[in-house]
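Chains A and B supply the protein sequences, listed in that same order.
Using my numbering, you'd call the opening residue of the first sequence number 1 and step up by one each time.
Using my numbering, you'd call the opening residue of the second sequence number 1001 and step up by one each time.
Positions of the beta carbon are idealized from the N, C-alpha and C atoms, including for glycine.
Note that this is a predicted model, so its numbers are computed, not measured.
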Amino acid sequence: MRYLRYILLSFFLFNFNSSYAQQNDLEIKITKNLRCLVCQGQSVYDSDTEFANSLKILVRKKLDEGLSEKQIYIYLKDRYGEWILFDPEFGKNTYFLWLMPVLFFVIGGLVIFKLFIIRKN
Amino acid sequence: MKIRIFPTIVFILFVIIFILFFKGLKNSNIYVPKANINKEIPSFKAKLFESSEEISSEEIFKEDKFYLMNIWSSWCVPCREEHNFLENLSTEKNLDLIGLNYKDDNESAKNFLKKLGNPYDIIFLDPKGIIAIDWGAYGVPETYLIKNNMIVKKIIGPLNKNLVLEIKEIIR
């Protein structure tokens, strides 16, 4: 019985540890995708300005409140615009950006298909 | 005929992409921060500067009145420069000045106001800079003109003569 208690205790301890680590990873992932608006070409994660430090605290606070990654992006986009995100979302201004690689891939595939397969036949 | 269709499609696609990129060359790539006006002000709770009592934004901002919220700090040099303009605006009767003390040391903030005068009706504290982000601020100083819980005008950076005149025009 005593062993069981120890096993359970260690099980919980390790679990808390990993949930903390997961949130920490998410926090790093989010802050790496946020542009520090007062710096030049730096992410919030990399920057040490007052603005970036506040944003780091805010992201942690929002995660503690239970907001998802997407909700945090929406919250910040509402205040600072799309520019704050490094990874632009799929929308009417960015559809070309996202679809172009696929388009080139398809065209390339057609060229290969035409050159090597149709010609062989 | 079968051979001709494919090159034509590729050619047309190429032309379309070329035109899109060529047009894009002329777009300005200078980033200008969006001044979010006609937006509702965020609701928040903050500690007061004088008494460190907690106050909610609903208690500060009432309807049918103009408010000028200024984000300031004693360590910020441009805030010193714009202080005279704030003093000037504090004489306006239908305008309440609200100060948001951004990431500041309480003692130096008090010294700052003692030295230069206190134009604010209410000051509240933002020691972590989170409330400023809620407002969509980039740093200090920043000023918001508010009426009916809406942001009428947002000024990024210090106030100047022309901006003070413009604010006076709006509140008249």
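Residues of the stretch 1127-1146 of chain B with a C-beta atom less than 9 angstroms from some C-beta of chain A are Lys-1128, Gly-1129, Ile-1130, Ala-1132, Ile-1133, Asp-1134, Trp-1135, Gly-1136, Ala-1137, Tyr-1138, Gly-1139 and Val-1140, listed in chain order.
Within the stretch 1077-1102 of chain B, those residues whose Cβ lies closer than 9 angstroms to any Cβ of chain A are, in chain order, Tyr-1102.
The continuous alpha helix (DSSP H) containing Tyr-73 of chain A extends over residues 69-80. If the five residues before and after Ile-1055 of chain B are omitted, its C-beta is found closer than 6 angstroms to the C-beta atoms of Leu-1048, all from its own chain and listed in chain order. Approximately 6 angstroms separates the beta-carbon atoms of Gly-1139 of chain B and Glu-50 of chain A; this is inside 8 angstroms, confirming the contact. Just measuring C-alpha positions, the residue of B:Ile-1131, B:Val-1010, B:Thr-1091 and B:Ile-1167 sitting nearest Asp-1121 of chain B is B:Thr-1091. In the DSSP assignment, Ala-52 of chain A falls outside any beta strand (DSSP E) and lies within the alpha helix (DSSP H) extending over 50-64. One alpha carbon belongs to Tyr-95 of chain A, the other to Lys-1093 of chain B, and they sit about 51 angstroms apart.
For Tyr-95 of chain A, the uninterrupted alpha helix (DSSP H) run begins and ends at 95-112, by DSSP. Secondary structure at Ile-1146 of chain B: strand, using DSSP grouped into helix, strand and coil. Going by beta carbons, Lys-1103 of chain B and Pro-1127 of chain B fall inside the 9 angstroms limit. The Cβ of Leu-1125 of chain B sits no closer than 9 angstroms to any Cβ of chain A.
Rounded to the nearest angstrom, the gap between the Cα atoms of Ile-28 of chain A and Pro-101 of chain A is 28 angstroms. For a Cβ distance threshold of 9 angstroms, residue set Ile-107, Leu-110 and Val-111 of chain A lies close to Val-1010 of chain B, ordered along the chain.
For Glu-50 of chain A, the C-beta contacts it makes with chain B under 7 angstroms involve Lys-1103, Gly-1129 and Gly-1139, in order along the chain. Within its own chain, the residues whose Cβ lies closer than 6 angstroms to the Cβ of Tyr-1144 of chain B, once the five positions on either side in sequence are excluded, are Met-1069, Ile-1151 and Lys-1154, listed in chain order. Bounds of the beta strand (DSSP E) holding Phe-1066 of chain B are 1066-1072. With the criterion set as a beta carbon lying under 9 angstroms from some beta carbon of chain B, the members of the stretch 24-57 of chain A are Leu-37, Val-38, Thr-49, Glu-50, Phe-51, Asn-53, Ser-54, Leu-55 and Ile-57, in sequence order. Counting only Cβ-Cβ distances below 9 angstroms, Phe-1006 of chain B has contacts in chain A at Leu-110, Val-111 and Lys-114, in chain order. Inter-residue distance for Cys-1076 of chain B and Arg-79 of chain A is about 23 angstroms (C-alpha atoms, whole angstroms).
Comparing C-alpha distances from Leu-1089 of chain B to each of B:Asn-1118, B:Lys-1023, B:Glu-1063 and B:Leu-1113 shows the shortest one belongs to B:Asn-1118. Taking CB atoms only, Ile-1017 of chain B has a neighbour in chain A less than 9 angstroms away. Chain-order list of chain B residues neighbouring Tyr-80 of chain A: Gly-1136, by C-beta distance under 7 angstroms. Annotation note: the stretch 1070-1114 of chain B contains the following uninterrupted alpha helix (DSSP H) runs of length 4 or greater, listed N- to C-terminal: 1077-1090. Between Phe-1044 of chain B and Asn-1149 of chain B the beta-carbon gap is near 13 angstroms, outside 8 angstroms, which marks them as no contact.
Within chain B, the C-beta atoms nearer than 8 angstroms to that of Phe-96 of chain A come from Leu-1020, in chain order. Val-1164 of chain B and Phe-1124 of chain B have their C-alpha atoms some 23 angstroms from each other. Counting of Cβ neighbours within 10 angstroms places Asp-1096 of chain B among the buried residues, the total reaching 16 or more. Each of A:Phe-104, A:Ala-52 and A:Ile-30 was checked against the Cα of Ser-68 of chain A, and the nearest Cα belongs to A:Ile-30.
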